[in-house]
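The structure appears right after this line, and notes come after that.
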Amino acid sequence: MSRFKKIKKKLHRYISSGRIKAINKLFRDNCDVAEHLRSEINFPYKKNKWYLHKYCAKGESSMVRVLYNAGADLSVCNKDGSNSLHIALNYAIDNFDRDFFYDIVFELYNNASGELRSKKNRYGETANDLFEEIVDLLISKQSRTLIESDDEDVEDRDWNGKLFFELGEENFVNEAYTDLEYADTYQKENAESFSEWGDRIRKEYNVKNKNEKVKTLPSVKRKKVESSNLTFVLKKKLNILNLRETYEEKCNCVFEKVDNSKLDFKTVPWPIRNSELAYHNFNSHADEMIENLTYGLTPEDKTKYLKKQQIRWHPDRFLQKCGHRLNVIDKDNILKCVQHLSQRINALVNCSKH
300 MSRFKKIKKK LHRYISSGRI KAINKLFRDN CDVAEHLRSE INFPYKKNKW
350 YLHKYCAKGE SSMVRVLYNA GADLSVCNKD GSNSLHIALN YAIDNFDRDF
400 FYDIVFELYN NASGELRSKK NRYGETANDL FEEIVDLLIS KQSRTLIESD
450 DEDVEDRDWN GKLFFELGEE NFVNEAYTDL EYADTYQKEN AESFSEWGDR
500 IRKEYNVKNK NEKVKTLPSV KRKKVESSNL TFVLKKKLNI LNLRETYEEK
550 CNCVFEKVDN SKLDFKTVPW PIRNSELAYH NFNSHADEMI ENLTYGLTPE
600 DKTKYLKKQQ IRWHPDRFLQ KCGHRLNVID KDNILKCVQH LSQRINALVN
650 CSKH
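Heads up: the sequence shown is residues 300 to 653, going by my numbering.
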């Protein structure tokens with residue numbers, strides 16, 4: 300048996316068993332035949348079976364990355380007409396694998412050509428359709444977590460009652476809290492808050508990838524596809540999804556945790572904005588911040604989430620939570636901005652009822 304055949308046999312054995320370090324070492328030790336090995340990866344290991352498809356279907360981030368960096372072709376299709384993007388996206392959707400989506404799928408999608416993203420398989424699916432589907436699933440999961448979070452349950456129901464009388468609305472009911480009030484006791488005790496969900500996701504990701512941090516192969520030089528090729532709506536949805544998560548984490552740190560550190564204008568966790576925020580331009584950005592905050596949510600979830608913001612940014616509540624921590628120089632400006640933000644949120648909630 301020739302030297303190359305022996306190396307090729309090892310390559311197939313290592314890929315089949317997912318031995319990442321061995322694959323990397325094989326390439327490093329055999330630089331003279333590396334190009335032949337890269338070509339070998341794009342041949343089916345069985346009839347209509349490709350390695351990249353196999354690991355995309357299993358959601359194994361490290362192996363997908365190793366194969367992709369080694370030159371695996373994303374455009375190869377199986378008998379159903381599905382390429383690696385179809386397979387990876389379908390796995391992420393079926394298993395709601397958030398880490399696989401962010402770690403691998405987004406990169407593959409972002410680096411794929413527009414033609415590849417819009418190519419249909421036999422089921423009529425395109426990568427664009429599937430990408431939009433998982434972004435909407437992520438937003439739906441996030442909205443459920445945000446609305447059903449138990450972080451502020453008892454105190455915020457008191458503020459819910461205060462708003463009932465303060466706004467003078469006979470039909471003012473904050474479903475985000477009344478639903479919880481009558482929820483099953485077991486479900487209430489086991490409800491996962493937004494912060495707990497975020498912590499769990501990070502812990503699971505760290506555990507999953509603890510032993511996967513190995514030196515990877517040098518990436519094959521590919522024609523660069525700029526991220527601007529992502530459709531504007533999908534890119535905005537994904538960006539807002541991440542910004543909203545960061546916003547909630549910051550609010551949790553500032554409003555819920557025991558913290559006596561001083562707050563100036565910049566460290567107040569104002570809602571999502573597209574540009575630098577300052578006191579002099581706050582009013583002109585208030586509607587934009589609220590629009591961004593609720594972007595992508597269903598009308599029903601948007602109303603519920605805004606009602607949570609009504610409580611969060613109520614001037615009296617904000618003063619109660621943070622008044623003692625406000626920087627003296629910025630205090631008056633901060634309170635004026637909180638007042639304006641609260642008024643805009645109240646106006647939008649009122650509009651949603653008509």
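For glycine and all other residues, C-beta sits at the position ideal for the given N, C-alpha and C.
Given the structure is predicted, the values throughout are model-derived calculations rather than measurements.
Any idea which residues DSSP pairs residue i with across the strands?
i	result
leucine 625	Leu562
lysine 348	Lys345
Taking DSSP as the reference, what is the three-state secondary structure of residue i?
i	result
valine 434	helix
asparagine 632	helix
arginine 572	coil
asparagine 538	helix
histidine 613	coil
alanine 646	helix
asparagine 470	Note that asparagine 470 has pLDDT 43, beneath the 50 cutoff, so the model's placement of it is unreliable and no number is given.
cysteine 330	helix
serine 641	helix
glutamate 424	coil
lysine 378	coil
valine 553	helix
valine 532	helix
In angstroms with no decimal places, state the Cα-to-Cα distance between residue i and residue j.
i	j	result
lysine 607	arginine 616	12 Å
lysine 418	valine 332	33 Å
asparagine 591	lysine 324	47 Å
leucine 634	proline 614	7 Å
lysine 309	tyrosine 422	36 Å
phenylalanine 531	alanine 356	28 Å
asparagine 559	arginine 624	6 Å
tyrosine 401	leucine 540	12 Å
Name the two residues that bound the continuous alpha helix (DSSP H) containing residue i.
i	result
glycine 317	Where glycine 317 is concerned, there is no enclosing alpha helix (DSSP H), given that its DSSP letter is neither H nor E.
serine 338	333–340
arginine 416	413–416
glutamate 359	Counting along the chain, glutamate 359 falls outside any alpha helix (DSSP H), and DSSP gives it neither H nor E.
serine 301	From DSSP, serine 301 is part of no alpha helix (DSSP H); its letter is neither H nor E.
aspartate 586	581–592
phenylalanine 405	405–410
tyrosine 578	From DSSP, tyrosine 578 is part of no alpha helix (DSSP H); its letter is neither H nor E.
leucine 384	383–394
Return the chain-ordered list of same chain residues with a C-beta closer than 7 Å to the C-beta of residue i, the five sequence neighbours on each side being excluded.
i	result
histidine 385	Asn420, Glu424, Ala426 and Leu429
lysine 620	Phe554
arginine 302	none
Please return the same chain residues whose Cβ sits closer than 6 Å to the Cβ of residue i, not counting the five positions on each side in sequence.
i	result
asparagine 656	There is simply no residue 656 to check, as the chain begins at 300 and stops at 653 in what is shown.
serine 651	Thr602
methionine 362	Gly317 and Tyr354
aspartate 379	Asn420 and Arg421
Leaving out the 5 sequence neighbours to the left and right, which residues in its chain are closer than 8 Å to residue i when beta-carbon positions are compared?
i	result
tyrosine 408	Leu384, Leu388, Arg416, Ala426, Phe430 and Leu529
isoleucine 396	The question names isoleucine, yet the displayed sequence has aspartate at residue 396. Result list for aspartate 396: Gly358 and Tyr390, in chain order.
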